[in-house]
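Numbering (the working numbering), first residue to last: 416 to 489.
Cβ atoms here follow ideal geometry from the backbone N, Cα and C, with glycine treated the same way.
Report on the structure given below.
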Amino acid sequence: MTDDTPTAAPPPSGPAVIRTFVRTLPAAPGVYRMLDAEGAVMYVGKARNLKARVTNYTRPEGLEIRLQRMIAAT
Numbered sequence: 416m417t418d419d420t421p422t423a424a425p426p427p428s429g430p431a432v433i434r435t436f437v438r439t440l441p442a443a444p445g446v447y448r449m450l451d452a453e454g455a456v457m458y459v460g461k462a463r464n465l466k467a468r469v470t471n472y473t474r475p476e477g478l479e480i481r482l483q484r485m486i487a488a489t
């Protein structure tokens with residue numbers, strides 16, 4: 416017997432969330448924070464060009480493993 420109950424898709428996370436959010440950022444200096452699924456702060460950063468810096472997180476392939484893990488948990 417199989418369970419044919421439809422399951423809800425998991426909420427977006429990682430680069431997908433960041434790609435959606437980066438569209439709202441200015442290309443100006445600023446501070447950003449990465450939040451986990453519970454809303455806890457995992458990382459706080461600053462940048463001279465906020466949009467360019469956060470866009471780097473949408474392509475985690477070339478980043479350090481610790482950053483890839485953080486992005487996946489975002």
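Query	Result
Backbone secondary structure at residue 523 - three-state DSSP	What the structure shows of the chain is the stretch from 416 to 489, and residue 523 is not part of that stretch, so it cannot be assessed.
Cβ contact (3+ pairs, closer than 8 angstroms) linking the region 454–464 and the region 422–429	no
Assumed close pair residue 466, residue 440 - CB separation to whole angstroms, cut-off 8 angstroms	4 angstroms
Rounded separation between residue 431 and residue 444 - CA only	23 angstroms
Cutoff 8 angstroms; reference residue 458; Cβ partners in own chain excluding five residues on either side	448, 449, 485
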